[in-house]
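First comes the structure, then the notes that go with it.
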Amino acid sequence: MPNSNRYYQPTNSKDAMRKIQKLFNQYCQAPLTNELLQYHFKLLNQVKTNVLPIAKTENVPERIQAAQSIIEIMEKWLSLRLAGKDYHGKMQHFHFVSDHDVLHYKRHEIKVKSNHNFRSSRH
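Residue numbers (UniProt numbering): 1 to 123.
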């Protein structure tokens with residue numbers, strides 16, 4: 001297998017930030033281990049040394065701000081987890097979204113009295 005196909009190659013800084021956001025959301029609720037800390041430092045270093053400079057060369061202010069926001073979120077996650085606290089939230093659109101901020105709509109299903117399995121929902 002050639003090395004060019006082995007690793008993920010993002011096309012621009014936004015693509016790289018999406019991938020890092022996806023990876024961060026996969027492990028942000030996991031138990032803290034040495035391997036996880038090393039992986040987190042590796043991702044954080046990638047954002048600081050590769051993604052942020054590329055975002056600056058692309059000269060798109062929203063991407064620079066998003067990269068800085070990712071760095072802040074990842075450092076906040078690290079400080080919370082090292083303090084022994086839980087991280088209640090995830091990264092969405094390169095910003096922190098709390099678990100409590102997500103809207104849930106109440107839906108009450110009523111089974112209609114007939115031979116069918118159709119259900120009616122009354123909000």
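Glycine residues also receive a C-beta, built at the ideal position from the N, C-alpha and C atoms.
Bear in mind the structure is a predicted one, so any value in this text is a computation, not a measurement.
Local Cβ density within 10 Å of residue 98, reported as buried at 16 or more and exposed below that | A residue is called buried once 16 or more other Cβ atoms fall within 10 Å of its Cβ, and residue 98, having fewer, is exposed.
Determine which residues share a DSSP beta bridge with residue 26 and list them.
-> DSSP lists no partner for residue 26.
DSSP three-state assignment for residue 60, whether helix, strand or coil | Residue 60: coil per DSSP, three-state reduction.
The ligand ZN heavy atom lying under 8 Å from the CB of residue 42 | With respect to the ligand ZN, the structure shown offers nothing to examine, as it has no ligands at all.
For residue 84, count neighbouring Cβ atoms within 10 angstroms of its own Cβ and tell me buried if that reaches 16, exposed if not.
-> Residue 84 is classed as exposed because its beta carbon has fewer than 16 other beta carbons within 10 Å across all chains shown.
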